[in-house]
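First to last, the sequence lines map onto chains A and B. This note's numbering applies: residue -5 is where the first sequence begins, and numbers increase by one. This note's numbering applies: residue 761 is where the second sequence begins, and numbers increase by one. We put the CB at the ideal spot given by N, CA and C, even for glycine.
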Amino acid sequence: MTGWLFHATLIVLTVLIVAYLYRVVRGPTVFDRLLGLNGISTKAIVLLVVIGTIYERVDMFVDISTGYALLNLVSALAVAKYLEHKEVAR
Amino acid sequence: MIWIVVAPIAAGLFFLVVAAIGMVRMPDVFSRSHALALTDTLGASLVLLGLALHQGWTLTAGKTVVVLILLLLLNPVISHATLRAALRTGLKPWKRGT
């Protein structure tokens, strides 16, 4: 009944990932790329839950997206702390 | 009955599109982070809320709400750390005319 809605959500999210990918490739500083990657990972978390809803296996996919959210936090914090030194970010 | 699922997901997709336009069009890192915050607070959380409502009273819906709360808690931490690093490496915020 609402299958069209989830497929439309998939298509919109994929197009938006391309828009964020433009910012990752063209970003003037390295922090623009980092913010763009953060946006892409947020989209990927939502995308995993939507894919699970379409295939009716949400109980499996929602665990994967939880792990992805925690992994995203650790990696983004590590990269941000690494880039705080002035010589590295140039 | 169907609209209680369709309405949050459609509103969330609208906010996600607005945030992506801001991410492409804004002039510097700090204002782009302002656009990106819209993704986490309204966009992704409304879409996940609609998906949780679609599943009804199950454990999976609770897990989806847990993912929503994780996004709401963790994404401000990430953007704050990134912008603090940007400010400490000497990046100046954008002003009109410079």
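Item: Would you report the Cα separation of N66 (chain A) and T3 (chain A), rounded to the nearest angstrom?; Value: 22 Å
Item: At 3 residues or longer, and completely inside the stretch 785 to 815 of chain B: list those beta strand (DSSP E) runs for me, N to C.; Value: none
Item: Name the chain B residues whose beta carbon is nearer than 9 Å to that of T23 (chain A)?; Value: D788, V789, A846, T849 and L851
Item: Assuming A13 (chain A) and I838 (chain B) are in contact, meaning their beta carbons sit under 8 Å apart, how far apart are those beta carbons, in whole angstroms?; Value: The pair is not a contact, with the Cβ atoms about 19 Å apart (cut-off 8 Å).
Item: Cβ closer than 8 Å: which chain B residues qualify as neighbours of I39 (chain A)?; Value: A804, V827 and L831
Item: Buried or exposed for V19 (chain A), going by 16 or more other Cβ atoms inside 10 Å?; Value: exposed
Item: Under 7 Å, Cβ to Cβ, is there at least one residue of chain B near S56 (chain A)?; Value: Here the sequence assigns Val to residue 56 (chain A), which means Ser is not the residue at that position. Yes, contact with chain B.
Item: So within the stretch 4 to 79 of chain A, which uninterrupted alpha helix (DSSP H) runs reach at least 4 residues, ignoring any that extend past its ends?; Value: 24 to 49 and 52 to 76
Item: Which whole-angstrom value describes the C-beta separation of H840 (chain B) and V765 (chain B), a residue pair presumed to lie in contact below a C-beta threshold of 8 Å?; Value: No, H840 (chain B) and V765 (chain B) are not in contact; Cβ-Cβ is about 33 Å, not under 8 Å.
Item: Please classify V9 (chain A): is it buried, with 16 or more other beta-carbons within 10 angstroms of its beta-carbon, or exposed?; Value: exposed
Item: Please determine if the stretch 27 to 36 of chain A and the stretch 809 to 823 of chain B are in contact, where contact requires at least 3 C-beta pairs separated by less than 8 Å.; Value: no
Item: With distances taken between CB atoms, is the gap from F775 (chain B) to L809 (chain B) smaller than 7 Å?; Value: no
Item: Pairing CB atoms from the stretch 22 to 31 of chain A with CB atoms from the stretch 778 to 796 of chain B, are three or more of them under 8 Å?; Value: yes
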